[in-house]
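Colleague: Could you have a look at this structure, given as structure tokens, before my questions?
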Amino acid sequence: MNKLLNFSFFFFLMSFSLLAQGEPGPAVDSIFRSVVLIRNEGFNTENKTQPWMKKNLYTGFGSGFVLPGQTILTNAHVVRDAKRILVKSSFTKKEYLADVKFIGYDCDLALLQVNDPDFSEQTNSLSFLEGVPNLGSDVLLLGFPNGNDSLSVEKGSVLRFEKNRYTYSGLDYRNVLKINANIQPGNSGGPAVQNGMVVGLVFQISTLEQGIAYLISNDIIRHFLEDISDGKYDGFPNLGFTFQNGNPKSLKQAMKVPSNQSGIFVNRIYPSSTFSKVLKEKDFVTAVDGLPLSNDGELTQANKKEFIIDWIENKQLNTKVTVSYYRAGKSYDAEVNLQKNYALDLYRDSTEDYFLQAGFVFQPITRSFFHSEDGDLDSSLKYHYSYFIQDLLYRYTVRDIVLSYTFNDPETSKYKKYKYKVVESINGRIPKDLNEFKTIWKDGKKGFIVLKFRGMDLPIVLRPESVYQMNQRVKKRYGANYEEF
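Per the working numbering, numbering through the sequence shown is continuous, rising by one, with the last residue being 485.
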């Protein structure tokens, strides 16, 4: 009897919390049925800098919530590289196969599809709250911490609506809801609920403050869902240039900009970005879509101030906008399509592609490579990775190639100091990426292979007969297959 009373009281508390602070929402049972456990089965390598090694099976866990059409919203990091995905609610023992339908690495969101028609009979879908929840208001976080089969409910409160770095990509600053709550691994992808509606999606915890977690806010989720409505995910547009404020009167005078004109000076424009074919360095941008820019880069629309970067990123890719600017004393207007900053793809890529020849392993520098457990990365390599865009290194190559590993062999032992050095050229040619590197090697395989590296005075010179012999020894001793031409 006491157990029954306790359960009834708990159910009453959950009902009050889930549906508090607003109009009556869906039944508690319906909300609980909308949250699912996600099991992600895949393979990983023991070391990202040694990708030829045998891959190990792993199982990851996360949470998600159901949307119409037998789809599930979760985090990209929950299902990335999955070979098999299983989902289930806490109301049934049955697991359903799911496929990744869309994935956005730049916003850490993914949409899964379940094809079994029985899934919709066992689950319910959730809808989203309009606007932003009030600061200090309570939310309930639903999910499956540590991959447990039983649904868990954690109470939290909204502390702040802010911009923060999305740690999954390490690049993107987007809107988040900062909350205080005890979030654990496995909660990622679960909904935060208020008034029976979703106010955000759990995706990361603070490494600096205990008991602090972050939600992907609904405006980011809506951008993702609107983006995929045409059947593909494009991503968020990017401003594509850096700027300084337009306050200096002497600079305006030198650039022949009216002294009373507000706006921003363009410092640097990145290739293949939104304004790369229109703007130039030292241009003075005054308005976007007819909305005047302040000297600090803010524009005002419907009495709301918004930073130009946020205004651009809130729109969809390929949206047309008009930019107004001054150049050499003359004013211009130009129409452009909003684009990504494609140079940033270097940092997003996590490919494990490699090229093994003559006891040497060559890899493109990627985020996956750089986040490996090998702590002996060369400082110059870190520089080239970190400042590829900032210092315009993309002018020389699309992707840096690095000598990532040297097998123990009499012929290669004298080149250990070349490990983690960036390839400067092969046979006198600068490879733009790994595929071009392979092509140059293939073209010169009957003669000497000459490899020059940044920071090394002497090149590595390989004779064709030595290459063949080393390939055979490495394959026999280590079971590592070289690429045959």
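From the three backbone atoms N, C-alpha and C, an ideal C-beta is built for every residue, glycine too. In this text, all values refer to a predicted model and were calculated from it rather than measured experimentally.
Within 8 angstroms of any Cβ in chain C, is that where the Cβ of S150 sits?
Modeller: Judged by its chain identifiers, the structure shown contains no chain C, having just a single protein chain.
Colleague: Here's the rule I'm using: 16 or more other beta-carbon atoms within 10 Å means buried, otherwise exposed. How should Y405 be labelled?
Modeller: That one is buried.
Colleague: Is DSSP giving L225 helix, strand or coil here?
Modeller: L225 falls in the helix class under three-state DSSP.
Colleague: Give every residue of the same chain whose Cβ lies closer than 6 angstroms to the Cβ of D172, excluding the five residues on either side of it in the sequence, and list them in chain order.
Modeller: Only D106, Y166 meet the Cβ criterion.
Colleague: Between D283 and V266, is the Cβ-Cβ spacing less than 8 angstroms?
Modeller: A contact, by the Cβ cut-off of 8 angstroms.
Colleague: Which first and last residues belong to the alpha helix (DSSP H) in which E121 is found?
Modeller: Looking at the DSSP string, the run of the alpha helix (DSSP H) that includes E121 is 118-122.
Colleague: So, does the region 72-88 touch the region 109-117, judging by three or more C-beta pairs under 8 angstroms?
Modeller: A contact exists between the region 72-88 and the region 109-117.
Colleague: Please state the DSSP three-state secondary structure of Y415.
Modeller: Y415: helix per DSSP, three-state reduction.
Colleague: Using the beta-carbon count (16 or more within 10 Å), is A334 buried or exposed?
Modeller: Exposed: under 16 other Cβ atoms inside 10 Å.
Colleague: If you count every other CB in all the chains shown that lies within 10 Å of the CB of I264, and 16 or more means buried, which is it?
Modeller: So I264 counts as buried.
Colleague: CA-CA distance, N432 and F453?
Modeller: Rather than Asn, the amino acid found at residue 432 in this sequence is Lys. One C-alpha to the other measures close to 14 angstroms.
Colleague: Just confirm the distance between the C-beta atoms of M456 and K419, as a whole number of angstroms; I'd bet it's less than 8 angstroms.
Modeller: The pair is not a contact, with the Cβ atoms about 11 angstroms apart (cut-off 8 angstroms).
Colleague: Let me confirm a value: Y332 is counted as buried when at least 16 other C-beta atoms fall within 10 Å, else exposed. Which label applies?
Modeller: Classification of Y332: exposed, given that the 10 Å Cβ count is below 16.
Colleague: State yes or no: is the C-beta of V36 within less than 8 angstroms of the C-beta of I72?
Modeller: Yes. Within cutoff.
Colleague: Specify, as a first and last residue, the run of the alpha helix (DSSP H) that S466 falls within.
Modeller: Segment 464-478, the alpha helix (DSSP H) holding S466.
Colleague: Measuring CB to CB, does F307 end up less than 8 angstroms from N218?
Modeller: No. Outside cutoff.
Colleague: State whether the region 251-262 contacts the region 128-142, with contact taken as three or more CB pairs (one from each stretch) at a distance under 8 angstroms.
Modeller: No, they do not touch.
Colleague: Run the CB neighbour count on F241, radius 10 Å, all protein chains shown included, and call it buried at 16 or more, exposed below.
Modeller: The residue in question, F241, is buried, as its Cβ has 16 or more Cβ neighbours within 10 Å.
Colleague: Taking contact to mean 3 or more Cβ pairs, one atom from each stretch, closer than 8 angstroms, check whether the region 154-168 and the region 112-120 are in contact.
Modeller: No contact exists between the region 154-168 and the region 112-120.
Colleague: Less than 8 angstroms between the beta carbons of I221 and A213, yes or no?
Modeller: Not in contact: I221 and A213 (Cβ atoms no closer than 8 angstroms).
Colleague: In terms of residue numbering, what span does the alpha helix (DSSP H) encompassing K249 cover?
Modeller: Start and end: 249-254.
Colleague: Exposed or buried, what is Q472 when buried is set at 16 or more other beta-carbons lying within 10 Å of its beta-carbon?
Modeller: It is exposed - the Cβ of Q472 has fewer than 16 other Cβ atoms within 10 Å.
Colleague: Taking only three categories from DSSP, how would you classify P24?
Modeller: In this prediction, P24 has a pLDDT of 45, which is less than 50 and means its spatial position is unreliable; what the coordinates show is noted afterwards. Three-state DSSP puts P24 in coil, outside helix and strand.
Colleague: Determine the direct distance from the alpha carbon of L239 to that of N314, and round the result to whole angstroms.
Modeller: Near 11 angstroms, if we compare the C-alpha coordinates of L239 and N314.
Colleague: Taking buried to mean at least 16 other C-beta atoms within 10 Å of its own C-beta, is S229 buried or exposed?
Modeller: S229 comes out exposed.
Colleague: With DSSP as the reference, label K94 as helix, strand or coil.
Modeller: Reduced to three states, the DSSP call for K94 is coil.
Colleague: Going by DSSP, which residues form a beta bridge with I437?
Modeller: A quick correction: the sequence has Phe, not Ile, at residue 437. For F437, which the question treats as bridged, DSSP gives no partner whatsoever.
Colleague: Terminal residues of the continuous beta strand (DSSP E) containing D108?
Modeller: No beta strand (DSSP E) holds D108; DSSP gives it neither H nor E.
Colleague: Among E162, K417, F203, which one has its Cα closest to the Cα of Q184?
Modeller: With distances taken between Cα atoms, Q184 lies closest to F203.
Colleague: If you follow the beta strand (DSSP E) that V257 is part of, which residue opens it and which one closes it?
Modeller: From DSSP, V257 is part of no beta strand (DSSP E); its letter is neither H nor E.
Colleague: Please determine, among P133, K438, P410, the residue with the shortest C-alpha to C-alpha distance to Q469.
Modeller: Closest option to Q469, Cα to Cα, is P410.
Colleague: Do you know offhand how far Y478's Cα is from G359's?
Modeller: Rounded to whole angstroms, Y478 to G359 spans 10 angstroms at the Cα level.
Colleague: Under DSSP, the alpha helix (DSSP H) around I365 begins and ends at which residues?
Modeller: Element bounds for I365: n/a, residue is neither H nor E.
Colleague: Could you give the uninterrupted runs of the alpha helix (DSSP H) lying entirely in the region 262-314, keeping only those of 4 residues or more?
Modeller: Listed in chain order, they are 308-313.
Colleague: Is it right to say P248 is buried, meaning 16 or more other beta carbons lie within 10 angstroms of its own, or is it exposed?
Modeller: When all chains shown are included, P248 counts as exposed.
Colleague: Report buried or exposed for G60, applying the criterion of at least 16 other Cβ atoms within 10 angstroms of its Cβ.
Modeller: With 16 or more Cβ atoms within 10 Å of its Cβ, G60 is classed as buried.
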